[in-house]
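Quick notes on the structure that follows.
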Amino acid sequence: MKVPLLLTDFLDRAVKLYGGKTAIIDDGKEFTYAQVGERVNRLSRGLADLGVQKGDRVAYLAPNSSEMYEGFYGVLQLGAVMVPLNTRLIPDDYVYILNHSETKVLFVDQELYAQIEPVRDQLKTVKSILVHGLETGNDNTFAYEEWLSLFESSDIGRPEMDEEDLATLLYTSGTTGKPKGVMLTHRSNYLHALTSMHHLRVSDRDVLLHVLPMFHVNGWGSPFYYTANGAVQVCLRKVQPADIFKKINAYGVTVMHMAPTVLNSLLQYADAHGYEKPAQEIRIVVAGSAPPPAFVKRVEEELQWEFIQVYGMTEASPLITTSIIRDTQKHLEPEAKYRLKAKAGYAFIGSDVRVFTETGEEVQHNGRVIGEVAVRGNGVMEGYWDNPEGTAEVIRGGWYFTGDMAVVDEEGNIEIADRKKDIIISGGENISSIEVEGVLYDHPAVQEAAVISVPHEKWGETPLAIVVIKEGLLTSEEELIAFSRSKLAHFKAPTRVIFADELPKTASGKIQKVHLRKEFWREKEKFVN
Numbered sequence: 001m002k003v004p005l006l007l008t009d010f011l012d013r014a015v016k017l018y019g020g021k022t023a024i025i026d027d028g029k030e031f032t033y034a035q036v037g038e039r040v041n042r043l044s045r046g047l048a049d050l051g052v053q054k055g056d057r058v059a060y061l062a063p064n065s066s067e068m069y070e071g072f073y074g075v076l077q078l079g080a081v082m083v084p085l086n087t088r089l090i091p092d093d094y095v096y097i098l099n100h101s102e103t104k105v106l107f108v109d110q111e112l113y114a115q116i117e118p119v120r121d122q123l124k125t126v127k128s129i130l131v132h133g134l135e136t137g138n139d140n141t142f143a144y145e146e147w148l149s150l151f152e153s154s155d156i157g158r159p160e161m162d163e164e165d166l167a168t169l170l171y172t173s174g175t176t177g178k179p180k181g182v183m184l185t186h187r188s189n190y191l192h193a194l195t196s197m198h199h200l201r202v203s204d205r206d207v208l209l210h211v212l213p214m215f216h217v218n219g220w221g222s223p224f225y226y227t228a229n230g231a232v233q234v235c236l237r238k239v240q241p242a243d244i245f246k247k248i249n250a251y252g253v254t255v256m257h258m259a260p261t262v263l264n265s266l267l268q269y270a271d272a273h274g275y276e277k278p279a280q281e282i283r284i285v286v287a288g289s290a291p292p293p294a295f296v297k298r299v300e301e302e303l304q305w306e307f308i309q310v311y312g313m314t315e316a317s318p319l320i321t322t323s324i325i326r327d328t329q330k331h332l333e334p335e336a337k338y339r340l341k342a343k344a345g346y347a348f349i350g351s352d353v354r355v356f357t358e359t360g361e362e363v364q365h366n367g368r369v370i371g372e373v374a375v376r377g378n379g380v381m382e383g384y385w386d387n388p389e390g391t392a393e394v395i396r397g398g399w400y401f402t403g404d405m406a407v408v409d410e411e412g413n414i415e416i417a418d419r420k421k422d423i424i425i426s427g428g429e430n431i432s433s434i435e436v437e438g439v440l441y442d443h444p445a446v447q448e449a450a451v452i453s454v455p456h457e458k459w460g461e462t463p464l465a466i467v468v469i470k471e472g473l474l475t476s477e478e479e480l481i482a483f484s485r486s487k488l489a490h491f492k493a494p495t496r497v498i499f500a501d502e503l504p505k506t507a508s509g510k511i512q513k514v515h516l517r518k519e520f521w522r523e524k525e526k527f528v529n
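Take 1 as the starting number for the sequence shown in full-length UniProt numbering and just add one per residue.
Okay, structure coming up:
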């Protein structure tokens, strides 16, 4: 018997088994799973009334909120495709993504509507905009709650769906500068949820605090597998350490997913304000950049939280490895365990993760030979939306090549050593160095520019620009940073600019960024942070 693996199964199960249990807590609002099911049905009926059909794209620009959460299931049970938008972009970015994805309906939080309003006329396919938090709609927009109340909450007649149908379309920065739309099916998201809930030990006793933004590969899939298990889910709209600690104590939070930068801010806050460990056990799922062992030690000894390092990428649903201590490693001394937990680790069930040399051979497991991380499995994307060339560049011979360079130790643990692609990961956000360079080249005084990653205490790494100025012209570090911030999302702009007479190049004229980076990473064991 073959039954399609559909993401809608997860909420159906929660409503059936946990209908009377609190599902979502969102700054004064609480909904049980039964109430969420009813609101989701209203949402689906409303979308159908707006003309949304199977396969249509529906986008969300919102913080972690009950409305954002409802979107996943309200969109998916129509057979439509969810397009979560990064809340930290600029209006021009949204124009590109919404037009490229041919989004039909856009939901936006009232606090973020100012990012859409000035470019609304440039949206070619968006027919309707609904605003979360708006009390009363007008001729141009619908107020979400007002609109939702117009529709019945009973079960809807779902269209026939297949597990190979596209479920989510997530845009991620690429080396070309333009975001790429990663296509993930119901099947890939579903199987990712099953393997993730196993490795992360998710159960109906969990209380999840949604720290990681839901636009980040659906918050690493958490709206799916925590729902399937009937866990309580607490929304965090803004990442502020004081608010996180308050919610941990108020709601008995047991698990959080976050970037290392956020976890570092929590450590700093605890140092400054003190921290009394709550009664419940807490585990922290961290990805984005590999932390030093000393960082892991502080989390586990000072906060007494279990540190779980994971590794992945949007193109793989995303999680594919973990460094959770295996049974055969339990005898190790604490310091050795901290070193292991700081690595990308070993493959999740369902993912075949290997490291290959340029000649296509698997690297020796000696912790010294560097190769490129590749993965194959059910979680790997179908490809990039409307971009067959980009897809062919990364999916070769049945493997997705990640662009991350790594070594593998004797026990098969992967450790990221460098980044092949010109991508900088700052605070968990992907930044294309080529995109930043393109903006710098628009400045009339810039002759050449190279943007590289440099270590940063708070963000892990940030962009630094090395610039050659045109003869006879002048500019300053402050001017170039301000110029970049005027054209880019602020997190993408260089945090430093230094000037050079020339940039090192290969015989063919390509700038050798590896030489530029060595100076700034001299005291590090690897070129990523």
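Heads up, the beta-carbon is just placed ideally off N, CA and C, and yes, glycines get one too. None of the values given here were measured: they were computed from a predicted structure.
Contact set for residue i: own chain, Cβ-Cβ below 6 Å, skip 5 residues either direction
i, result
"L134", "Q110 and A143"
"G79", "K54, P159 and M161"
"E361", "none"
"V375", "A316, I320, S351, V353 and Y400"
"residue 532", "The structure shown has nothing for residue 532, since the chain only spans 1 to 529."
"W459", "T261, S426 and G427"
"I370", "M405, V407 and A417"
"L480", "V497"
"L123", "L98"
Rounded separation between residue i and residue j - CA only
i, j, result
"N99", "A250", "42 Å"
"D26", "Y226", "16 Å"
"E300", "V211", "19 Å"
"H268", "T261", "Per the sequence shown, the amino acid found at residue 268 is Gln instead of His. In a straight line, the C-alpha of Q268 is about 11 Å away from that of T261."
"R522", "D418", "13 Å"
"R45", "G221", "25 Å"
"M183", "G383", "6 Å"
"T32", "A231", "11 Å"
"L166", "I469", "47 Å"
"I395", "K420", "15 Å"
"V408", "L474", "48 Å"
"S188", "E164", "8 Å"
"V58", "F356", "38 Å"
"S508", "E448", "Annotation note: pLDDT 44 at S508 (below 50); position unreliable, no value reported."
"T185", "L6", "9 Å"
"T168", "I466", "37 Å"
"V439", "S484", "6 Å"
"T175", "S432", "Because the pLDDT of T175 is 49, which lies under 50, any placement of that residue in the model is unreliable, and the number read from its coordinates should be weighed accordingly. Each residue's alpha carbon lies about 6 Å from the other."
"P291", "T328", "23 Å"
"I244", "L236", "8 Å"
"E333", "V296", "14 Å"
"R339", "D422", "27 Å"
"L200", "M381", "22 Å"
Selected residue, minimal CA-CA separation from residue i, among the options
i, options, result
"L76", "I97, L43, L50 and D49", "L43"
"F491", "A316, L340 and L89", "L89"
"P278", "P292, D271, V253 and T359", "V253"
"L209", "A193, A445 and Q233", "Q233"
"P91", "G412, L488 and G403", "L488"
"L503", "M197, H515 and T495", "H515"
"E302", "D422, K343 and N264", "N264"
"Q304", "D93, V255 and V310", "V255"
"S153", "F10, V83, D49 and G37", "G37"
"G472", "P494, V497 and A445", "A445"
"H216", "T314, V373, K16 and N140", "T314"
"Y171", "L194, M214, M197 and F348", "M214"
"S149", "L47, M197 and P223", "L47"
"V373", "S128, I414 and H443", "I414"
DSSP bridge partner residues for residue i (one or two, in chain order)
i, result
"N430", "I425"
"H257", "V285"
"R396", "W399"
"V373", "V355"
"V408", "I414"
"Y275", "In DSSP, Y275 forms no bridge with anything."
"E362", "F356"
Contact set for residue i: own chain, Cβ-Cβ below 8 Å, skip 5 residues either direction
i, result
"N387", "K180 and G181"
"R368", "V407"
"G412", "Y346 and H365"
"P455", "E461, F520, W521, K524 and N529"
"W385", "H100, S101, L169, K180, G181, V182 and M183"
Chain-order list of residues whose beta-carbon lies under 7 Å from that of residue i (same chain, five-residue window excluded)
i, result
"D155", "N41"
"R298", "L267"
Hey, which unbroken runs of the alpha helix (DSSP H) at 4 residues or more fall wholly within the segment 34-109? Secondary structure within the segment 34-109: the alpha helix (DSSP H) runs of 4 or more consecutive residues, fully enclosed, are 66-76 and 91-101 (chain order).
Could you give the uninterrupted runs of the beta strand (DSSP E) lying entirely in the UniProt domain "AMP-binding enzyme C-terminal" (435-510), keeping only those of 3 residues or more? Complete beta strand (DSSP E) runs here, min 3: 446-456, 460-469 and 496-499.
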